[in-house]
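Comments concern the structure below.
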Amino acid sequence: DRQTLSMLFYAGEQIVLDAGNELFHTGDDLDAAYVLLSGEVDTFMTDGDEQKTLRRHEPGVVLGAMLLRADLPTPICAKAVGYVELLRLSRELLLDIMAKDPQFAIAIMRHMSARMINAVGALRQIDSDAAARQAVETA
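Position one of the sequence shown corresponds to residue 21 (our numbering), numbered consecutively onward.
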């Protein structure tokens with residue numbers, strides 16, 4: 021609802037990244053999720069020296085919510101494509117709001133489920149691309 025969104029906006033911390041700056045990188049223990057307010061952010065995995073882009077994110081997406089909930093080091097990196105404005109939402113803030121507003125909690129869970137489905141699709145594409153490269157190299 022509007023009250024929850026207002027509380028998020030005023031309780032969150034606005035941050036800015038320039039092109040190429042990382043929001044988080046592989047191995048980080050996240051303590052916040054980030055709402056992308058403007059600009060674009062790429063998420064990618066690193067395999068040796070090779071970066072495999074998973075997705076380019078546009079304003080409105082919440083980054084890190086699934087990883088924050090998992091309480092595990094992140095397996096991915098997020099980097100600003102250009103100038104980016106984000107809203108940082110601490111773990112404590114998110115948990116407090118979800119406890120007070122079940123509809124918000126349901127919306128976050130739906131968002132996380134959709135992101136998981138998209139991530140699995142991106143990983144399948146990476147595996148498919150790698151298999152195709154290997155077939156060409158061995159032929």
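All C-beta atoms in this analysis are idealised placements derived from N, C-alpha and C, irrespective of residue type, glycine included.
Taking all protein chains in view, the Cβ of K120 is surrounded by fewer than 16 other Cβ atoms within 10 Å, so the residue is classified as exposed. Using a Cβ-Cβ distance cut-off of 8 Å, the region 43-52 and the region 68-78 are not in contact, since fewer than three pairs of beta carbons, one from each stretch, lie closer than that value. Around A31, the same chain offers L113 as residues with beta carbons nearer than 6 Å, after the five sequence neighbours per side are excluded. Using a 10 angstroms sphere on the CB of I126, the tally of other CB atoms stays under 16, which defines it as exposed. Around the CB of Y54, 16 or more other CB atoms lie within 10 Å, so the residue is classed as buried.
Closest in alpha carbon position to I96, among H77, E60, T73, S110, is T73. Spanning the alpha carbons of L106 and F64 requires a straight line of approximately 18 Å. When rounded, the separation of the alpha-carbon atoms in L88 and S148 is 28 Å. Between the alpha carbons of K99 and Q34 lies a gap of roughly 17 Å. Here L56 really is in contact with V81; their C-beta atoms are around 5 Å apart, less than 8 Å. Per DSSP, the unbroken beta strand (DSSP E) holding A98 starts and ends at 97-100.
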